[in-house]
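S.K.: Before I ask anything, let me first share the structure, which is written out below as structure tokens.
2 protein chains.
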Amino acid sequence: MANTIDGERRRRELAETVWRLILRGGLPAASVRGVAEEAGLATGSVRHFFPSQAELHNFAMLELMATVTERVRAAAQTPDVRERARAMLEELLPFTDRTHAEFAAYLEFLDRSRIDTALEPVASESVRAARELVVTILTDLRTLGMLRPEIDVDTEAVRLHAFLDGLMLQLLVAPDLNSRQQARDALAGWLEALEVKA
Amino acid sequence: MANTIDGERRRRELAETVWRLILRGGLPAASVRGVAEEAGLATGSVRHFFPSQAELHNFAMLELMATVTERVRAAAQTPDVRERARAMLEELLPFTDRTHAEFAAYLEFLDRSRIDTALEPVASESVRAARELVVTILTDLRTLGMLRPEIDVDTEAVRLHAFLDGLMLQLLVAPDLNSRQQARDALAGWLEALEVKA
DNA sequence: GTCAAACTAACACGGGTGTGCTACTTTGAG
DNA sequence: CTCAAAGTAGCACACCCGTGTTAGTTTGAC
Numbered sequence: 000m001a002n003t004i005d006g007e008r009r010r011r012e013l014a015e016t017v018w019r020l021i022l023r024g025g026l027p028a029a030s031v032r033g034v035a036e037e038a039g040l041a042t043g044s045v046r047h048f049f050p051s052q053a054e055l056h057n058f059a060m061l062e063l064m065a066t067v068t069e070r071v072r073a074a075a076q077t078p079d080v081r082e083r084a085r086a087m088l089e090e091l092l093p094f095t096d097r098t099h100a101e102f103a104a105y106l107e108f109l110d111r112s113r114i115d116t117a118l119e120p121v122a123s124e125s126v127r128a129a130r131e132l133v134v135t136i137l138t139d140l141r142t143l144g145m146l147r148p149e150i151d152v153d154t155e156a157v158r159l160h161a162f163l164d165g166l167m168l169q170l171l172v173a174p175d176l177n178s179r180q181q182a183r184d185a186l187a188g189w190l191e192a193l194e195v196k197a
Numbered sequence: 000m001a002n003t004i005d006g007e008r009r010r011r012e013l014a015e016t017v018w019r020l021i022l023r024g025g026l027p028a029a030s031v032r033g034v035a036e037e038a039g040l041a042t043g044s045v046r047h048f049f050p051s052q053a054e055l056h057n058f059a060m061l062e063l064m065a066t067v068t069e070r071v072r073a074a075a076q077t078p079d080v081r082e083r084a085r086a087m088l089e090e091l092l093p094f095t096d097r098t099h100a101e102f103a104a105y106l107e108f109l110d111r112s113r114i115d116t117a118l119e120p121v122a123s124e125s126v127r128a129a130r131e132l133v134v135t136i137l138t139d140l141r142t143l144g145m146l147r148p149e150i151d152v153d154t155e156a157v158r159l160h161a162f163l164d165g166l167m168l169q170l171l172v173a174p175d176l177n178s179r180q181q182a183r184d185a186l187a188g189w190l191e192a193l194e195v196k197a
């Protein structure tokens, strides 16, 4: 056989092309023809790796989740507990140009999953994973006795999760409302308020 | 002249048709042909009231903001201060089937405004208005001495605004995450935590 | 009743889309 | 070297889109 190695790399390249096009022109820009042209391929070539547009988009969103998950895993290596919590949660926000493009695509997919049942499973899984991450971080803080006693983990998880999603939405669609640094500070301030006084 | 009275009514009808179609099939469903068929008109009739699709969508979003603004104004009549704050902020969340459709359209327009410069002015104005409402409510509470002294209005406004937007996003794209009642309770609980102990 | 304006309707054009299909080129295992 | 598979490329079909244009119908002021 020929390039069996390049197959998955090509698919990942095309997934990133989808993200880039969505950042630039929204989901409609991520057409089969558009992706092919942006990647310098023929439409037939794209369809060789992805039999349908639905599979291309599905893969692009799965790859998106995998990328974010990997970054969260990397941030989980931070030694200090407080720093770790902050670092992990920061990976759920678009703080760099790179991640801004990714979350722009994520928002588009998430929104589309409301209609497109093919995207629904992976979309709701992503939301579930985010909630789980928040709960886990809060539970760890509680176990370590670093959470103010009057705070309920489940109640706080709902608030923090919604706060993060709202901040993400605002950074994407209304970047003038909060600068990235302001958003960073807002998250840091939030977490400080959770902790027991030193 | 003929029905000068019906003109604006027709335009409002078509705006609501746009909302309904967006709820059902996303922004792509709000095509000129789609709106015409849903409203029982010919495409030429729709284009008689709106010279272009851009004007139709722009008007639909303006009408959306006017509707929400009117509801907030009505909620502002609530006598009790605490109840009033809660009632007004609840109007920024999709708690009924009716408002769910409206906010679904709003999210779609907001997302589209990231790309479509024609929607950008009204979109950023809507975000600014929401922020202003939050700030105003918090400022009123502070003036009345009902806000816990350690709370800074501006800091709290950023948090509460992001919390509301996140809750809206989740109610729209991940309705299984939080029920409407849970979201209502979360908002009520948040506001209670802001107030000075009775 | 007249008539201009408001309103409704239908067609055609050019363009973009997803997808199916076929043919060509490159590659690397045997 | 052979040759089957991987990869690339291009075309055609049917569909939907926004929009321009033209024509017919209804309405209400005068």
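Keeping their order, the protein sequence lines are chains D and B. With numbering that gives the first Met the number 0, letter number 43 in the first sequence gets 42, and the count goes up by one each step, no holes. With numbering that gives the first Met the number 0, letter number 83 in the second sequence gets 82, and the count goes up by one each step, no holes. C-beta atoms are modelled at their ideal positions from N, C-alpha and C, and glycine is treated no differently.
Among 195(B), 70(B), 27(B) and 14(B), which residue has its Cα nearest to the Cα of residue 132(B)?
M.R.: Here residue 132(B) refers to the residue found at position 133 of the second sequence. Ranking 195(B), 70(B), 27(B) and 14(B) by Cα distance to residue 132(B) puts 70(B) first.
S.K.: Between the C-alpha atoms of residue 128(B) and residue 64(B), what's the straight-line distance to the nearest angstrom?
M.R.: Start at 1 with the first residue of the second sequence, and residue 128(B) comes out as number 129. Start at 1 with the first residue of the second sequence, and residue 64(B) comes out as number 65. Cα to Cα, the separation comes out at about 10 angstroms.
S.K.: Please confirm if residue 107(D) has its CB atom under 8 angstroms from at least one CB of chain B.
M.R.: In the first sequence, counting from the first residue as 1, residue 107(D) sits at position 108. Cβ-Cβ to chain B under 8 angstroms: yes for residue 107(D).
S.K.: Out of curiosity, what's the CA-to-CA distance linking residue 141(D) and residue 78(D)?
M.R.: Translated into the one-based positions of the first sequence, residue 141(D) becomes position 142. Translated into the one-based positions of the first sequence, residue 78(D) becomes position 79. Each residue's alpha carbon lies about 17 angstroms from the other.
S.K.: With a CB to CB cut of under 8 angstroms and the five nearest residues on each side skipped, what residues in its chain are close to residue 1(D)?
M.R.: Translated into positions along the first sequence, residue 1(D) becomes position 2. Annotation note: pLDDT 40 at residue 1(D) (below 50); position unreliable, coordinate value reported separately. Counting only Cβ-Cβ distances below 8 angstroms, and skipping sequence neighbours, we find nothing.
S.K.: Could you compute how far the alpha carbon of residue 61(D) sits from the alpha carbon of residue 10(B)?
M.R.: Within the first sequence, numbered from 1, the residue matching residue 61(D) stands at position 62. Within the second sequence, numbered from 1, the residue matching residue 10(B) stands at position 11. One C-alpha to the other measures close to 41 angstroms.
S.K.: Contact criterion: CB-CB distance below 8 angstroms. Does residue 189(B) meet it with respect to chain D?
M.R.: One-based indexing of the second sequence puts residue 189(B) at position 190. It does: the Cβ of residue 189(B) has a partner Cβ on chain D nearer than 8 angstroms.
S.K.: On the DSSP letters alone, give me the boundaries of the alpha helix (DSSP H) that residue 112(B) sits inside.
M.R.: Your numbering for residue 112(B) matches position 113 in the second sequence. Where residue 112(B) is concerned, the enclosing alpha helix (DSSP H) stretches over 96-112.
S.K.: Whose Cβ in chain B lies nearer than 9 angstroms to the Cβ of residue 121(D)?
M.R.: Numbered from 1 along the first sequence, position 122 holds the residue referred to as residue 121(D). Per Cβ cutoff of 9 angstroms: no residues; residue 121(D) is ~12 angstroms from chain B at best.
S.K.: Is the beta carbon of residue 194(B) less than 8 angstroms from the beta carbon of residue 81(B)?
M.R.: Indexing the second sequence from 1 puts residue 194(B) at position 195. Indexing the second sequence from 1 puts residue 81(B) at position 82. Yes, Cβ-Cβ distance for residue 194(B) and residue 81(B) is below 8 angstroms.
S.K.: Relative to the alpha-carbon of residue 169(D), which residue among 19(B), 113(B), 8(B) and 16(B) has its alpha-carbon at the smallest distance?
M.R.: The count along the first sequence starts at 1 and reaches residue 169(D) at position 170. That would be 113(B), whose Cα lies nearest to the Cα of residue 169(D).
S.K.: Strictly below 7 angstroms CB to CB, what residues from chain D border residue 177(B)?
M.R.: Against the second sequence, residue 177(B) aligns to sequence position 178. Ordered by position in chain D, the residues that pass the 7 angstroms Cβ test against residue 177(B) are 157.
S.K.: My output table needs one value for residue 66(D): the three-state DSSP class, helix, strand or coil.
M.R.: On the first sequence, residue 66(D) is found 67 positions in, with the first residue counted as 1. Residue 66(D) falls in the helix class under three-state DSSP.
S.K.: Roughly how far, in whole angstroms, is the beta-carbon of residue 109(D) from the beta-carbon of residue 126(B), given that I think they are within contact range, below 8 angstroms?
M.R.: In the first sequence, counting from the first residue as 1, residue 109(D) sits at position 110. In the second sequence, counting from the first residue as 1, residue 126(B) sits at position 127. Between residue 126(B) and residue 109(D) the Cβ distance is about 19 angstroms, and since that is not below 8 angstroms, they are no contact.
S.K.: Decide if residue 165(B) is buried, meaning its Cβ has at least 16 other Cβ atoms within 10 Å, or exposed.
M.R.: As a working mapping, residue 165(B) is identified with position 166 in the second sequence. Looking at its Cβ environment, which holds 16 or more other Cβ atoms inside 10 Å, residue 165(B) is buried.
S.K.: To the nearest angstrom, how far is the alpha carbon of residue 18(B) from that of residue 39(B)?
M.R.: The residue given as residue 18(B) occupies position 19 in the second sequence. The residue given as residue 39(B) occupies position 40 in the second sequence. About 16 angstroms.
S.K.: Could you list the residues in the segment 133-158 of chain B with a C-beta less than 7 angstroms from some C-beta on chain D, going in chain order?
M.R.: Per Cβ criterion, the list reads 154, 157 and 158.
S.K.: Using 8 angstroms as the Cβ pair cut-off and three pairs as the minimum, do the segment 178-190 of chain D and the segment 153-162 of chain B touch?
M.R.: Because the criterion of three Cβ pairs below 8 angstroms is met, the segment 178-190 of chain D and the segment 153-162 of chain B touch.
S.K.: Just verifying my parser: in three-state terms, what is the DSSP assignment at residue 15(B)?
M.R.: As a first step, residue 15(B) is located in the second sequence; it is residue number 16 there, counting from the start. Three-state DSSP puts residue 15(B) in a helix.
S.K.: Can you give me, in chain order, the residues of the segment 43-59 of chain D that have a beta carbon less than 7 angstroms from any beta carbon in chain B?
M.R.: Answer in chain order: no residues at all.
S.K.: By how many angstroms is the C-alpha of residue 13(D) removed from the C-alpha of residue 48(D)?
M.R.: The residue labelled residue 48(D) in the question sits at position 49 within the first sequence. The residue labelled residue 13(D) in the question sits at position 14 within the first sequence. Going from the Cα of residue 48(D) to the Cα of residue 13(D) covers about 9 angstroms.
S.K.: Under 7 angstroms, CB to CB, which of the residues in the segment 25-45 of chain B have a partner in chain D?
M.R.: Correct list: 25.
S.K.: In the DSSP assignment, what are the bridge partners of residue 194(B)?
M.R.: One-based indexing of the second sequence puts residue 194(B) at position 195. 146(B).
S.K.: To the nearest angstrom, how far is it from the Cα of residue 95(D) to the Cα of residue 50(D)?
M.R.: Within the first sequence, residue 95(D) is the residue found at index 96, counting from 1. Within the first sequence, residue 50(D) is the residue found at index 51, counting from 1. Using only the alpha carbons, I get a separation of about 33 angstroms.
S.K.: So residue 162(B) contacts chain D; which residues on that side make the cut at Cβ distance below 7 angstroms?
M.R.: Taking the first residue of the second sequence as 1, we reach residue 162(B) at position 163. Those within 7 angstroms of residue 162(B) in chain D are 158, 161, 162 and 165.
S.K.: Short of 7 angstroms in beta carbon distance, which residues of its chain neighbour residue 16(D), apart from the five on each side in sequence? Order them along the chain.
M.R.: On the first sequence, residue 16(D) is found 17 positions in, with the first residue counted as 1. Around residue 16(D): 34, 37 and 38.
S.K.: Tell me, please, whether the CB atom of residue 169(D) is closer than 8 angstroms to any CB atom in chain B?
M.R.: Looking up residue 169(D) in the first sequence gives position 170. Yes, because at least one Cβ of chain B sits closer than 8 angstroms to the Cβ of residue 169(D).
S.K.: Residues of chain D with CB closer than 8 angstroms to the CB of residue 172(B), please, in chain order.
M.R.: Residue mapping note: residue 172(B) aligns to position 173 of the second sequence, counting from 1. The contacting residues are 109, 110, 112, 113, 122 and 126.
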